[in-house]
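Chemist:
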Amino acid sequence: MDVELVFGFDIGATSIGFAVIEYDASAGHGRILRLGSRIFPEARDPDGQPWNQTRRQKRMMRRQLRRRRQRRRDLNELLNIAGLLPAFGSEAWDAVMQRDPYELRQRGVAEALSAFELGRALYHLAQRRHFRGRELVEQEPTETDAVDAEEKEAANKREADRAELKQSGLSLGAWLHSLPAGERRRHKHLLRNDVRAEFELLVAAQWTHHARLGEPTFQGALSDAIFHQRPVFWRKKTLGQCRFVPEGELCPKGSWLSHQRRMLEKVNNLSLIGGNARPLDDDERAAILAQLQTKPSLSWTAVRKVLAPLFRARGEAGGEKSLRFNLQVGGEPKLLGNPLEAKLAGVFGDEWAGHPHKQAIRDTIHGRLWSADYGEIGTQRVVIRSEAERSARRQAVKAALVQDFALTDAEAQALAELTLPAGWEPYSVEALRAFLPELEAGARFGALVGGPEFEDWRLRTFPNAERPTGELFDELPSPRDPDEARRLAGIRNPTVVRVQNELRKVVNNLIRLYGKPDRIRIEVARDVGLSKREREDKQAGMRRNEKRRDEARKDLVKNGIAEPSRDEINKWLLWKEGRDRCPYSGDYIGFHDLFGEGNYEVEHIWPRSRSFDDGLRNKTLCRRDWNLRKSNKTPFELFAGDADGWQAFKDRLEGLTAKSKGAAGLPPGKVKRMLAPSLDEDFTQRQLVDTGYAARQALAMLKRLWPDVGPTAPVKVEPVTGKVTAHLRRLWGLNNVLADDGEKTRADHRHHAVDALTVACTHPGMTNRLARYFQQKDDPRAQSPALPPPWPGIRADAERAVAEIVVSHRVRKKVSGPLHKETVYGDTGQEEVRRGVTYRTLVTRKPVDSLSKAMLDQIVDPHVREVVKAWVAQRGGEPKKAFPPYPRVSEHGPEIRKVRVHVTQQLALMAPVGNGYADLGDNHHIALFKTRDGKAAAEVVSLFEAARRLGSREPVIRRAGDPDRRFWMSLAPGDAVRFSKGERKGIWIVQGVWANTQVVLVRHDDALGTTTTRPRPAAFLKDEAEKVSIDPIGRIRPGND
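Residue numbers 1 to 1041, in the numbering used here, belong to the letters of the sequence shown in order.
1. Looking only at its chain, what residues have a beta carbon closer than 7 Å to the beta carbon of residue 599, apart from the 5 residues adjacent to it on each side?
2. So, for residue 191: in the same chain, excluding its five sequence neighbours on each side, which residues have a beta-carbon less than 8 Å away from its beta-carbon?
3. Does the beta-carbon of residue 2 have 16 or more other beta-carbons within 10 angstroms, so that it is buried, or is it exposed?
4. Using the C-alpha atoms, what's the distance from residue 480 back to residue 431?
5. Would you say the region 780 to 797 touches the region 841 to 851, given that touching needs at least three Cβ pairs under 8 Å?
6. Work out the CA separation of residue 617 and residue 967 for me, nearest whole Å.
7. Just checking, does the region 361 to 378 make contact with the region 306 to 325 on the three C-beta pairs under 8 Å criterion?
8. Which residue comes first and which comes last in the beta strand (DSSP E) that contains residue 968?
9. Per DSSP, which one or two residues make a beta bridge with residue 905?
10. Looking at residue 7 and residue 520, is the spacing between their C-beta atoms short of 8 Å?
11. Tell whether a beta-carbon distance below 8 Å holds between residue 357 and residue 405.
12. Take residue 1010 as the anchor and find which of 355, 498 and 988 has the nearest alpha-carbon.
13. Is the Cβ-Cβ distance between residue 964 and residue 997 less than 8 Å?
14. Taking DSSP's pairing of strands, which residues face residue 272 in a bridge?
15. Around the Cβ of residue 723, are there at least 16 other Cβ atoms within 10 angstroms (buried) or fewer (exposed)?
16. Using the C-alpha atoms, what's the distance from residue 194 back to residue 896?
17. Are the region 279 to 297 and the region 331 to 347 in contact at 8 Å, needing three or more beta carbon pairs?
18. Given a cut-off of 8 Å, decide if residue 941 and residue 960 are closer than it, judged by their beta-carbon atoms.
19. Say whether the region 946 to 957 touches the region 808 to 817, bearing in mind that this needs 3 or more beta-carbon pairs closer than 8 Å, one atom from each stretch.
20. Whose CA, out of 125, 167 and 514, lies closest to the CA of residue 201?
21. Tell me whether residue 794 sits in a helix, a strand or coil according to DSSP, three-state version.
22. In chain order, which continuous runs of the alpha helix (DSSP H) of length 4 or greater are located wholly inside the region 957 to 1041?
23. Please work out which residues of its chain come closer than 8 Å, Cβ to Cβ, to residue 1055, disregarding the five sequence neighbours upstream and downstream, and give them in chain order.
24. Classify residue 544: buried if its beta carbon has 16 or more other beta carbons within 10 angstroms, exposed otherwise.
25. What first and last residue would you give for the beta strand (DSSP E) that runs through residue 523?
26. When burial is assigned at 16 or more other CB atoms within 10 Å of the CB, is residue 588 buried or exposed?
27. Please go through the region 705 to 775 and give each complete beta strand (DSSP E) segment of 3 or more residues, from N-terminal end onward.
28. Assuming contact is defined by CB atoms lying nearer than 8 Å, are residue 1033 and residue 506 in contact in what I supplied?
29. Go ahead and pull the three-state DSSP assignment for residue 593.
30. Please state the DSSP three-state secondary structure of residue 805.
31. Any chance you could list the alpha helix (DSSP H) runs of at least 4 consecutive residues sitting entirely within the region 904 to 951, in chain order?
32. Exposed or buried, which one is residue 627 when buried takes at least 16 other CB atoms within 10 Å?
33. When every heavy atom of the ligand SAH is checked, does at least one fall within less than 7 Å of the C-beta of residue 956?
34. Roughly how many angstroms separate the alpha carbons of residue 426 and residue 560, rounded to a whole number?
35. What ranges does the alpha helix (DSSP H) occupy inside the region 310 to 397, keeping only unbroken runs of at least 4 residues that lie completely in it?
36. Take residue 178 and list the residues in its own chain whose beta-carbon comes closer than 8 Å to its own, dropping the five residues that flank it on each side.
What follows is the structure in structure tokens.
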């Protein structure tokens, strides 16, 4: 017998299921040694933002406030020394600050101001110095014309305001002062250059009246104090590294090499869809490339015109007009070209094609311009140079171009003025140079970087990539190891880093218990390594799908199907997607035909035995007799030898295809699949191997357990795709381990362990058996097939192993996170006692449209209160519906958009912040005590208090100090509690702690929170609770708190 020790892992964004088995695949013998699940919180907030990103944003806001405050202090001191402002905080200073600065700025460019009036005008320029704008115009070669809507709206508003300012012919301050009464000046958005222009006018008009303004040194100091801004920079370590050439320099996005790569990627992915679906032929591809090479992009109409001569030569004049392209239907407005090559061709004109230094200019122009605009500080930072320095260095670039390439002054000047996009590719220059010949030959970029058809090519071209490190570990290294820390630092996705850390804990504990395995098999959920946009797109798609399924369910109920099944809903979706037509016969399909008589069936476009794809994207409706004829064939194979039938089929699909993304009809991707002459090359192999980013990272980490002995070494770590394991889990009856209906349940955390067991058993031979199973199942002439499980009794073994699982949860005891809420309340000093509890009256500002009816009476200012109450009463009495428009304090006074209101709070539940208070953040833990009389007592410690203790070097958890009570245990989120009796008997996980001493608990295996309970300390004592520690693989130990 050849028995192997196999670890199987099912890896998700917040979970790891694991299985340890002894398995002899050839003999069909196996034994489960351990199953388990590890649960941990995602490294993102509920909105999908990484926690560290939110923390950095808050820190940046604090820095900006501090810098703004310091800038004003420095300016005030400079003006005070020059006699242009009184001392800060004096009565004279307060009086000057009460003057209308806009009126002073208007007068200041036309008439003499007093010293303090001038100082107030200059001080106001620093207070309202407006947006600086981007240092460099970075023209990114985007795949679509989509621009961030918020940024675009702000830019449009800024341009409109600047146009209005220019038309007025006034200085900025004079223009703002001239606005009609009531119009909000703060809503005008200009650029800092507009403020600088007014500063120069102000100085020119006032220096004859104030001698200090005429001193160049003072003018420079004043300008710096008002307008200076720290240089924009970024850290080079955040760029990551190329996975093919880790030591190589990343390729800049603005380089010719990057532009060429992107253009070739788009062209190589381009294909025709609809009734004439096919890839581009060599002549068509060459014709498009010839035009794209010297253009930034081509419209789809222009692409068709490029192909027109080819169609005329074939005797198909005008045929190009009906062409539809996959990228066009996918939402891309244009076909991306090479913008840099287009600019170079524009500079040199007809001479560019035969220019003697053509390739040298292509290769070096970006580097020369980048060095002029950006500077490197050591090896860590890149900064944007000042405008003056950039201008001087660009002129130096011009001179160098003339000298190195014998260019004319005009040509060199045009090149020196080019603007190129910033940023870097995720691939090195060396890697892209290796990719380029393959791309020029027509290879798809996705296949080059991850497809199985280019695996041998990658191994030859990049011998250090996609291979283990060559190190041999008895267990996976700790993040404290310098080499491991550097490896993790190169992974920029926080979810992937969190998953890898948790996987390391599980793997190392299993190795210590069972030894190093002979083989590891892993399945990684596709959503683990998704970017923010990809997650948002996926969630939007799920919402659309759920809306369609609800629509289907309602229609089925309306037509007499009281409780529609999942299969019936899927049938309805395919029916509407196909516009009530059978694509094979062309028949109209009525509701009764589909759901009553059953004349139409669901068929797989690509046979399951070859694609393993059982999703809706691989299904259509088909008349029963056509389904029998099609059997295990693709549509192309079905019509082989029947040219007329194939043409009729293509014509029908042309009419059934959705005309745009999201429109009614068959999706273009499904039509492309239906018209494909064969399955994509190595399609099945791609279905069996997960090549996603998170999967690659997990594979690379696990491979470090074995030495690197070259590409011919036996595979020790095998990726498994969820498509295969989903089928096997169902066919082996493992879905029934936790549910009786044969459907996978996600209500129990232990389902991850069942998935991991399936993964551990999915060897390459098992996928071949699955292919044969579907081949027989989809053949109506074959007998009903069966797919034997890995060994007899695996389901019974799984049920016993699952019953023993204690789900491991990550404990969250670190003192980190928001210490208090953002809103700071002012203190009035007034208190009142209600039912023995003291409440303090505080003040805060709230938008008027967020007030409730009761809060209207809590508005602090009596006059504002009456104005707002009257306004709401006139508009129906509901504040949320009464605004906008907004009332005004007086006829020409400012709008009332926010008001100060009174609120009452217990100070014990507040955190002192500056001169006010803020609501506390989460609670860190609860400490439970036993008193001398045998009762339970508790102390809830907020995160704010825990941070204070930590900063004061006090114990975060206080175990001593009170002689009347003895410390029992502390509980924080993620901790485990075992009750020995009562209705809660068993193991529970702490989800949170409430200020009233209730502890939120959920059963260790509950994934949906349906067992939530909130006992108080007395219940812990009554039911004999004890704190336990559950290690990453589910072993229970005393809590030892």
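By construction, the Cβ of each residue, glycine as well, lies at the ideal position given by its N, Cα and C atoms.
Modeler: Reading from the atomic positions:
1. Position 599 of the sequence shown, counted from the first residue, corresponds to residue 599. Closer than 7 Å at the Cβ level, and outside the excluded window around residue 599, lie 593, 623 and 624.
2. On the sequence shown, residue 191 is found 191 positions in, with the first residue counted as 1. If we look at residue 191 and ignore the five residues flanking it on each side, its Cβ neighbours are 130, 131, 132, 133, 158 and 162.
3. In the sequence shown, the residue the question calls residue 2 occupies position 2. Counting Cβ neighbours within 10 Å, residue 2 comes out exposed, since fewer than 16 surround it.
4. Looking up residue 431 in the sequence shown gives position 431. Looking up residue 480 in the sequence shown gives position 480. Going by the C-alpha atoms only, they are around 31 Å apart.
5. no
6. Taking the first residue of the sequence shown as position 1, residue 967 is located at position 967. Taking the first residue of the sequence shown as position 1, residue 617 is located at position 617. Roughly 60 Å separates the two Cα atoms.
7. no
8. For the purposes of this step, residue 968 is identified with residue 968 of the sequence shown, where counting begins at 1. Start and end: 965 to 971.
9. Taking the first residue of the sequence shown as 1, we reach residue 905 at position 905. Note: residue 905 sits in a beta bridge opposite 840.
10. In the sequence shown, the residue the question calls residue 520 occupies position 520. In the sequence shown, the residue the question calls residue 7 occupies position 7. Yes, they are a contact pair.
11. Reading the sequence shown from its first residue, position 357 is the one you call residue 357. Reading the sequence shown from its first residue, position 405 is the one you call residue 405. Yes. Within cutoff.
12. As a working mapping, residue 1010 is identified with position 1010 in the sequence shown. Ranking 355, 498 and 988 by Cα distance to residue 1010 puts 988 first.
13. Position 964 of the sequence shown holds residue 964. Position 997 of the sequence shown holds residue 997. No, these two residues do not count as a Cβ contact at 8 Å.
14. Position 272 of the sequence shown holds residue 272. DSSP, once it has assigned bridges, lists 278 and 325 as partnering residue 272.
15. Stepping through the sequence shown from its first residue, residue 723 is reached at position 723. Buried, by the Cβ-count rule.
16. Here residue 896 refers to the residue found at position 896 of the sequence shown. Here residue 194 refers to the residue found at position 194 of the sequence shown. Answer to the nearest angstrom: the Cα atoms are 29 Å apart.
17. yes
18. As a first step, residue 960 is located in the sequence shown; it is residue number 960 there, counting from the start. As a first step, residue 941 is located in the sequence shown; it is residue number 941 there, counting from the start. Going by C-beta atoms, residue 960 is not nearer than 8 Å to residue 941.
19. yes
20. By 1-based counting over the sequence shown, the position of residue 201 is 201. Of the candidates 125, 167 and 514, the one whose C-alpha sits nearest the C-alpha of residue 201 is 125.
21. On the sequence shown, position 794 is the one that residue 794 refers to. The answer is helix: DSSP assigns residue 794 an H, G or I state.
22. 1017 to 1022
23. Examination of residue 1055 is not possible in this model, given that the chain is present from 1 through 1041 alone.
24. As a working note, residue 544 is residue 544 in the sequence shown. Residue 544 should be labelled exposed.
25. Here residue 523 is taken as the residue at index 523 of the sequence shown, counted from 1. That run of the beta strand (DSSP E) goes 519 to 524.
26. Mapped onto the sequence shown, residue 588 falls at position 588. So residue 588 ends up on the exposed side.
27. 717 to 719
28. Working through the sequence shown from its first residue, we reach residue 1033 at position 1033. Working through the sequence shown from its first residue, we reach residue 506 at position 506. Contact: yes.
29. As a first step, residue 593 must be located in the sequence shown, where it is residue number 593. Three-state result, residue 593: helix.
30. Here residue 805 refers to the residue found at position 805 when the sequence shown is read from its first residue. DSSP places residue 805 in coil when its eight states are reduced to three.
31. 943 to 951
32. Indexing the sequence shown from 1 puts residue 627 at position 627. By the neighbour-count rule (16 or more Cβ atoms within 10 Å), residue 627 is buried.
33. As far as ligands go, the structure on display features none, and thus does not contain the ligand SAH.
34. Here residue 426 corresponds to residue number 426 of the sequence shown, with the count starting at 1. Here residue 560 corresponds to residue number 560 of the sequence shown, with the count starting at 1. Taking the straight line joining both Cα atoms gives about 55 Å.
35. 326 to 329, 339 to 348 and 358 to 373
36. Along the sequence shown, read from residue 1 onward, the residue named residue 178 stands at position 178. These residues qualify, in order along the chain: 106, 168 and 170.
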